[in-house]
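Right, one structure below, let's go through it.
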Amino acid sequence: IWNKHKVQKFNTADEFQERFISHVEWTLARSLYNCDDLAAYQATSQSVRDNLVIDWNKTQQRQTARDPKRVYYLSLEFLMGRALDNALINMRTDTDVRDVGDTDETLTKGNTSREMIKNAMNELGFKLEDILDEEPDAALGNGGLGRLAACFVDSMATGNYPAWGYGLRYQYGIFAQKIINGYQVETPDYWLNFTNPWEIERAEIQVPINFYGYVDRGQNEKSTLEPSDWIGGERVLAVPYDMPIPGFKTSTVNNLRLWSAKPTTEFDFKKFNNGDYKNSVEEQQRAESITAVLYPNDNFLQGKELRLKQQYFWCAASLHDIVRRFKKGKRAWSEFPDAIAIQINDTHPTLAIVELQRILVDLEKLDWHEAWKIVTSTFAFTNHTVMQEALEKWPISLLGRLLPRHLEIIYDINWFFLQDVEKKFPHDMDLLSRVSVIEESSQERQVRMAYLAIIGSHKVNGVAELHSDLIKTTIFKDFVKIYGSNKFTNVTNGITPRRWLKQANPKLAQLISETINDPEDNYLLDMSKLTQLSKYAEDEKFQKKWNDVKQFNKQRLADLIKKLNNGVDIIERDHIRNTLFDIQVKRIHEYKRQQMNIFGVIHRYLTMKELLQSGASIEEVVKKYPRKVSIFGGKSAPGYYMAKLIIKLINSVADVVNNDKEIQDLLKVYFIPDYNVSKAEIITPASDLSEHISTAGTEASGTSNMKFVMNGGLIIGTVDGANVEITREIGEDNIFLFGNLAENVDELRYKHQFHNEGVPASLAKVLDAMQNGAFSPQNHSEFMPLIDSIKSHGDYYLVSDDFEAYISTQELVDQVYHKDKKEWLKKSILSVANIGFFSSDRCIEEYADTIWNAEPVKPE
Ligand code: 26Q
52 IWNKHKVQKF NTADEFQERF ISHVEWTLAR SLYNCDDLAA YQATSQSVRD
102 NLVIDWNKTQ QRQTARDPKR VYYLSLEFLM GRALDNALIN MRTDTDVRDV
152 GDTDETLTKG NTSREMIKNA MNELGFKLED ILDEEPDAAL GNGGLGRLAA
202 CFVDSMATGN YPAWGYGLRY QYGIFAQKII NGYQVETPDY WLNFTNPWEI
252 ERAEIQVPIN FYGYVDRGQN EKSTLEPSDW IGGERVLAVP YDMPIPGFKT
302 STVNNLRLWS AKPTTEFDFK KFNNGDYKNS VEEQQRAESI TAVLYPNDNF
352 LQGKELRLKQ QYFWCAASLH DIVRRFKKGK RAWSEFPDAI AIQINDTHPT
402 LAIVELQRIL VDLEKLDWHE AWKIVTSTFA FTNHTVMQEA LEKWPISLLG
452 RLLPRHLEII YDINWFFLQD VEKKFPHDMD LLSRVSVIEE SSQERQVRMA
502 YLAIIGSHKV NGVAELHSDL IKTTIFKDFV KIYGSNKFTN VTNGITPRRW
552 LKQANPKLAQ LISETINDPE DNYLLDMSKL TQLSKYAEDE KFQKKWNDVK
602 QFNKQRLADL IKKLNNGVDI IERDHIRNTL FDIQVKRIHE YKRQQMNIFG
652 VIHRYLTMKE LLQSGASIEE VVKKYPRKVS IFGGKSAPGY YMAKLIIKLI
702 NSVADVVNND KEIQDLLKVY FIPDYNVSKA EIITPASDLS EHISTAGTEA
752 SGTSNMKFVM NGGLIIGTVD GANVEITREI GEDNIFLFGN LAENVDELRY
802 KHQFHNEGVP ASLAKVLDAM QNGAFSPQNH SEFMPLIDSI KSHGDYYLVS
852 DDFEAYISTQ ELVDQVYHKD KKEWLKKSIL SVANIGFFSS DRCIEEYADT
902 IWNAEPVKPE
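Going from the sequence shown to the UniProt record's numbering is simple: count from 1 and add 51.
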């Protein structure tokens, strides 16, 4: 009977419309007469989701039947952005398959389902673009680390890996940013306001999670290595919400499981009966606060109790789920690492290591050492930063109170580890205290989560070659000595070309597929196919088409900016074509050096003014400083004073420069408020130049550098993170590199600390203008902290050391862009041709081969 009534996908425009209407009428209980764009978005999403769910179910059944090694990606952040357009690109209707009566002609359309739905929506009276715009971003992440996790789940599904993501379902994602009088103001991100069609609540699964309480080892005090009872004090329930993750050109649909906290049903009747109704309710409500909000810090540790609670809540729920699934297979515990690989995204999930050890020892009664072998063969750890302020440390007192049994286990892990170290390097007390999981030197004893993660994992990887080398020689160098260097490896980051090329830049995607004669977009799975573009790099006809795509995308961004700028154009339409779009969008951080960028803008502005005042004509000024718009975007952590001041400076400079009649349209500055994934999809394809100018050695990888190059933008950058490998792939003629090298940073910092060398004249000119109130006429000292950080506080990010090279490299950029457009276009084409390495598909394959030992499960 089940087979007779089998649910069916919609496969044609007609069937889609039928499904759409049934969702409008039944799911939304509306009629076509009051179906607005929002309702149409929801009905479309529900319809597409129906198709995905069919493949989701099949994928899960297939994976259960074949029982392959499974991969779990634990990340506290998944910066997904919108789901609908991506689903339309990735979804397979059954008509995509050639043998269902499809002809070559229908297949040459390439993206059949998206085109089909676009037309079907038109017939229903809706524009697909407007419908897509109704979707709020799923912004469950801060920046690079969270977006990487989103690209990874896309690539894991596309590669048919039996892999699930595990995260938290925050009620509020990263805050929405408003700019008011030039200042960042944070407002809550109400992303779940209109219900989320992309999630499936599994209310029937409720995992109890305990906090606080005490450990009970019975009367005759057993050892902490033996099974112990943890009597929890507070209990909340973890309820999963599943998001289907469709692969591209495959019917594999994987799962992203996000946990939500809810109160236990064990209502406190004692309190209730004593008339304390309010308190008994309040305690329950506290449970929900665990998954209320994403901590908005990027690359910065905030040691709050609630954050640690989030981490444990999510680790415990995920492990419970993973272990439950494993136990269904009735295999021996020793086979756990053959069945399961768990990747931890930075140290945020480190408690999962401790939790698995607790499950095995306390609940499953395995011998400590047997258990520990299983744990360490299961986990692998990715590090994303070398910066001290981002390395997680938690006070012993807090950990011991919240998770008393886990702290004991951590002590024991450390004890055995230190014994091993002592055996290998006898009597080296310094070494022991350097590598101990417990940091004793600070006033408060702390647990060093990165060390715990290393000790509990079989592989540790960095995210770009330079970064992976750096962690081996700096923050983890003692561990290389202890474990040997094979435990440490590199997997250079990547991005998904489905979202960041096909979806964000449909015009370029089309030009590519036409040019390399790949109507079915197979290049999106095998990016080495892009090298075929090289032979057109100097072809003038092709260059023109290439340039037209860029112009289209610049216009699209100019339209967005106009909308955000109360309908006022920043750049006159006629000038877009010969204005260089110079873009820096990413989290605002001193190490990323947006301050250096805006100082560069000020320098340009002041020099242009000098030229004009000394009697130069506009034509003469343009020769040296051609038209340019400097575009910024990005959020600052709410408590990060200097980052917020940088935002204010950018907006203040914009105010002055944009309103200076003398400068006309030659220089413009704009800060795009509320930078997020869906805005990035419009911004990235529009760059002529983008900036990746972190102090050498500080940006672990960067991923927007890859996105911009994949969209035909050139980059100006320091020798940092993945810029190094991008240079190697695309060729050093096609990138504007400058600045000091990572190997010299320590020495330069030392020099600033002990010898006041002053700043170069070019920078002094900028800082003087700021100090004189050129950009803060009401309050001359407004930007003093930025000036002081360079002049008086040691210039930690080495702006003064790199500034002159930065300025002269910018001038080189201007010359190439304006004097030799053909050369510029050639560079742009060659860059795209050779960017294939940075597909996250390659990256996932490397993880699968070298860390997880996992194989794809292909649909037949
Ligand atoms: C930790 C503890 C408490 C509160 C917050 C945090 C926290 C949150 C987010 C610490 C770090 C982060 C984010 C780090 C991050 O995004 N790192 C970036 O990772 C990218 C992907 O690998 C790299 O490309 C970037 O270079 C790196 O900065």
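Cβ coordinates follow ideal geometry from the N, Cα and C atoms, glycine included. Model, not experiment: these values are computed from the prediction.
Check, Outcome
"Judging by CA-CA distance, which residue of PHE805, ARG452 and PRO557 is the nearest neighbour of LEU575?", "PRO557"
"Write down every uninterrupted run of the alpha helix (DSSP H) in the segment 484 to 523 whose length is 4 residues or greater and which is fully enclosed by it, in chain order.", "500 to 506"
"Okay, do the segment 135 to 147 and the segment 233 to 242 touch, 3+ Cβ pairs below 8 angstroms being the bar?", "no"
"Can you have a look at TRP597 and say buried or exposed, based on whether 16 or more other CB atoms are within 10 angstroms of its CB?", "buried"
"Tell me the start and end of each unbroken beta strand (DSSP E) in the segment 220 to 258 that is at least 3 residues and wholly inside, in chain order.", "227 to 231 and 234 to 238"
"What residue range does the beta strand (DSSP E) around HIS743 cover?", "740 to 743"
"State the start and end residues of the unbroken alpha helix (DSSP H) segment that holds LEU631.", "LEU631 -> not in any alpha helix (DSSP H); beta strand (DSSP E) instead, spanning 631 to 636."
"Looking at ALA312 and HIS341, is the spacing between their C-beta atoms short of 9 angstroms?", "Residue identity check: residue 341 is Ile in the sequence provided, not His. Result yes, Cβ atoms of ILE341 and ALA312 sit closer than 9 angstroms."
"Can the beta-carbon of VAL472 be found closer than 9 angstroms to that of ASN512?", "no"
"With a 10 Å radius around its C-beta and 16 neighbouring C-beta atoms as the bar for buried, classify ASN830 as buried or exposed.", "exposed"
"With hydrogens ignored, establish whether the beta-carbon of ASP349 is closer than 8 angstroms to any heavy atom of ligand 3.", "Among the ligands modelled here, namely ligand 1, ligand 3 does not occur."
"Any chance the CB of GLY545 is under 8 angstroms from a heavy atom of ligand 1?", "no"
"Rounded to the nearest angstrom, what separates ASP101 and LYS60 at their Cα positions?", "7 angstroms"
"Under the criterion of a Cβ to heavy atom distance below 8 angstroms, does THR525 qualify as lining ligand 1?", "no"
"Please list the terminal residues of the continuous beta strand (DSSP E) segment that includes ALA392.", "391 to 396"
"At what residue ranges does the segment 396 to 433 contain a whole run of the alpha helix (DSSP H), taking only runs of 4 or more?", "402 to 409 and 419 to 429"
"Determine the DSSP secondary structure at ASN54, reduced to helix, strand or coil.", "coil"
"Could you check where the beta strand (DSSP E) with GLY768 kicks off and where it finishes?", "765 to 769"
"Under the rule that 16 or more other beta-carbon atoms within 10 Å means buried, what is GLU641, buried or exposed?", "buried"
"Rounded to the nearest angstrom, what separates ARG149 and ARG549 at their Cα positions?", "In this predicted model, ARG149 has a pLDDT of only 41, less than 50, meaning its place in the structure is not dependable enough to derive any value."
"Since I believe LEU79 is in contact with GLY218 (beta carbons under 8 angstroms), could you give me their beta-carbon distance rounded to a whole number of angstroms?", "Their Cβ separation, rounded to whole angstroms, is 28 angstroms, which puts GLY218 and LEU79 out of contact at 8 angstroms."
"Candidates TYR726, GLU874, ARG456 and GLN861: which alpha carbon is nearest GLY264's?", "ARG456"
"Quick check on ALA116: buried or exposed, where buried means 16 or more other Cβ atoms within 10 Å of its Cβ?", "exposed"
"Which whole runs of the alpha helix (DSSP H) in the segment 266 to 335 are 4 residues long or more, in chain order?", "320 to 324"
"Would you say LEU352 touches ligand 1, meaning its beta carbon is less than 8 angstroms from a heavy atom?", "yes"
"Measure the beta-carbon distance from LEU183 to GLY224 and round it to whole angstroms, keeping in mind my assumption that it falls under 8 angstroms.", "Contact doesn't hold; Cβ gap of about 19 angstroms is too wide."
"Rounded to a whole number of angstroms, what is the C-alpha to C-alpha distance between GLY132 and SER274?", "49 angstroms"
"How far does the alpha helix (DSSP H) with TRP875 in it reach, from first residue to last?", "872 to 884"
"Please confirm whether GLN228 and ASP725 have their CB atoms less than 9 angstroms apart.", "yes"
"What's the call for HIS56, buried or exposed, on a 16-neighbour Cβ count within 10 Å?", "exposed"
"Are at least three pairs of beta-carbons, each pair with one atom in the segment 646 to 660 and one in the segment 689 to 706, less than 8 angstroms apart?", "yes"
"What does the Cβ neighbour count give for GLY809, buried or exposed, with the cut at 16 atoms within 10 Å?", "exposed"
"With DSSP as the reference, label ARG143 as helix, strand or coil.", "coil"
"DSSP three-state label for ALA189, please.", "strand"
"DSSP state of TYR363, grouped into three classes?", "helix"
"So the alpha helix (DSSP H) THR540 belongs to, where does it begin and stop?", "Note, THR540: premise wrong, no alpha helix (DSSP H); beta strand (DSSP E) at 539 to 541."
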